[in-house]
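J.: Keeping their order, the protein sequence lines are chains P and G.
Note that the working numbering has the first sequence beginning at 20, numbered continuously upward.
Note that the working numbering has the second sequence beginning at -2, numbered continuously upward.
Every residue, glycine too, gets a C-beta built ideally from N, C-alpha and C.
Computed from a prediction, not measured in an experiment: that's the story for all the values here.
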Amino acid sequence: MTPRDQMRKGSTEILILSLLLEHPMYGYQISQQLAQRSGGYFEMKEGLLYPALHRMQQNGWLASDWQTIDGRRRKYYSLTPLGRQVLGEQAAEWQVFLEQLHALLRSGELWTS
Amino acid sequence: MDQLAIDQMLEKIRQHLNLSKQTEHELLDEIRTHLEDVVAEAVSHGRDGDLALLKSAEEFGIEEVGAELQLVHKDRESIDALLLCALPVLFALVLRWLAFAPDGSALGWPQLLVRPGFWVAAGAALVVPVLYFTRWRLALLGWFFFWLITVIFVVFPSVNHW
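Printed below as a string of structure tokens:
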């Protein structure tokens, strides 16, 4: 697994939660939206996406229901109140992480230590 | 061709699953929809549906996704099975408390059926599994056990000595 894959794996949950904050989506739609909005950077492997969605649903972060729209029956995922709370916590955590990382990179400590 | 290829991919995933039929059916249905969307999108952009499906199969990691989904769901199913066994026992204990007087004598049907507590227990024995499992068949199974235990307690009061 490349470093990029590892970072993407670590950010799977917050990416999914962020997208679903807007409106309920189905699995294929989530993977398409992630790829489109990030210019292909967050092209999530479906093999990672579905287990993550199901795990998050079991944690109570997501709810799901089957809907038939335009003759296609699909499973739509939406954020639960707990999911919103977790998103807030994870977003704050990522913010701190990125700030610290930026600071470290700017100071050059990574290269001198 | 597309449907046949999709069926084959789903069968490969299914081989890694050992869950209840309903859970497996839902999981595979969701992935089927995804694969059909992949094909539909490719065709709408003038690309070959079969090639898109092959590419998707590679990206999916067909072998991995079945194993991952099995891991995610097996714990939940074990907890469900445990609860399914525990709930009738819990209601049986409530029933035993309702059906037997403190002196050890058992109530008959006429006395038992006019007790609000009995109907509360009977209702809970049906509603709790429906709400928790969201599967009416499991709920009915639990309810069947509830009534079976009720009949045993009332018709054979000697179980008081268990």
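With DSSP collapsed to three states, give me the class of residue 117 of chain P.
T.: helix
J.: With distance defined between alpha-carbon atoms, name the residue in G/69, G/60, G/116 nearest to residue 143 of chain G.
T.: G/116
J.: Classify residue 45 of chain G as buried or exposed, calling it buried when 16 or more other Cβ atoms lie within 10 Å of its own Cβ.
T.: exposed
J.: Let me know if residue 86 of chain G comes out buried or exposed under the rule of 16 or more other beta-carbons within 10 Å of its beta-carbon.
T.: exposed
J.: Which residues in the same chain as residue 11 of chain G place their Cβ atom closer than 8 Å to its Cβ, once the five residues preceding and following it in sequence are excluded?
T.: Closer than 8 Å at Cβ, skipping near neighbours: 21, 25, 63.
J.: Have a look at P/71, P/113, P/77, P/40 and flag the residue whose alpha-carbon is nearest the alpha-carbon of residue 72 of chain G.
T.: Looking at the Cα atoms, P/77 is the closest of the given residues.
J.: Kindly confirm or deny that the segment 93 to 108 of chain P and the segment 2 to 18 of chain G touch, where touching means at least three C-beta pairs closer than 8 Å.
T.: no
J.: Among P/28, P/48, P/118, P/120, whose alpha-carbon lies nearest the alpha-carbon of residue 71 of chain P?
T.: P/28
J.: I need the boundaries of the beta strand (DSSP E) containing residue 69 of chain P, first residue and last residue.
T.: From DSSP, residue 69 of chain P is part of no beta strand (DSSP E) but of the alpha helix (DSSP H) over 65 to 77.
J.: When you check each C-beta in the segment 69 to 83 of chain P against every C-beta of chain G, which residues fall closer than 7 Å?
T.: 69, 70, 73, 74, 77
J.: Does the beta carbon of residue 65 of chain P sit closer than 8 Å to a beta carbon anywhere in chain G?
T.: yes
J.: Would residue 92 of chain P pass as an interface residue toward chain G - the criterion being a Cβ-Cβ separation below 8 Å?
T.: yes
J.: According to DSSP, simplified to helix, strand and coil, what is residue 0 of chain G?
T.: helix
J.: Does any residue of chain G have a CB that is nearer than 8 Å to the CB of residue 58 of chain P?
T.: no
J.: Can you name, in chain order, every residue of its own chain whose Cβ lies under 7 Å from the Cβ of residue 135 of chain G, other than the five neighbours on each side?
T.: 81, 126
J.: If we cut at 8 Å on Cβ distances, does residue 46 of chain P have a partner in chain G?
T.: yes
J.: Helix or strand or just coil, what does DSSP make of residue 159 of chain G?
T.: Note that residue 159 of chain G scores 47 on pLDDT, short of 50, meaning its location in the model is unreliable and no value can be drawn from it.
J.: What residues from the segment 46 to 77 of chain G come within 8 Å of chain P, judged by C-beta to C-beta, listed N to C?
T.: 53, 56, 57, 58, 59, 61, 62, 65, 66, 68, 69, 70, 73
J.: Applying the 10 Å Cβ sphere with the 16-neighbour rule, what's the burial state of residue 87 of chain P?
T.: Residue 87 of chain P is exposed by the Cβ-count criterion.
J.: Report back the beta-carbon spacing between residue 49 of chain P and residue 68 of chain P to the nearest angstrom; my notes put them in contact at under 8 Å.
T.: 7 Å
J.: Run the proximity test for residue 63 of chain P: is its beta-carbon closer than 7 Å to any non-hydrogen atom belonging to the ligand MG?
T.: This structure lacks the ligand MG; in fact it carries no ligand of any kind.
J.: Return the Cβ separation of residue 51 of chain G and residue 32 of chain G in integer angstroms, given the expectation that the two are a contact with Cβ distance under 8 Å.
T.: Residue 51 of chain G to residue 32 of chain G, Cβ: 11 Å. No contact.
J.: Contact check, residue 44 of chain P vs residue 53 of chain P under 8 Å by CB: the rounded distance?
T.: Residue 44 of chain P to residue 53 of chain P, Cβ: 10 Å. No contact.
J.: Against chain P, with Cβ distances strictly below 8 Å, would residue 22 of chain G count as a contact?
T.: Contact with chain P is absent for residue 22 of chain G, since none of that chain's Cβ atoms lies less than 8 Å from the residue's Cβ.
J.: How many Å lie between residue 40 of chain P and residue 111 of chain G at the Cα?
T.: Rounded to whole angstroms, the gap between the alpha carbons of residue 40 of chain P and residue 111 of chain G is 51 Å.
J.: Would residue 129 of chain G count as contacting chain P if we go by Cβ distances under 8 Å?
T.: no
J.: Going by other Cβ atoms of all chains shown within 10 Å of its Cβ, with 16 needed for buried, is residue 153 of chain G buried or exposed?
T.: exposed
J.: Measure from the alpha carbon of residue 26 of chain P to the alpha carbon of each residue in P/56, P/73, P/62, then state which is nearest.
T.: Considering only P/56, P/73, P/62, the residue with the shortest C-alpha distance to residue 26 of chain P is P/62.
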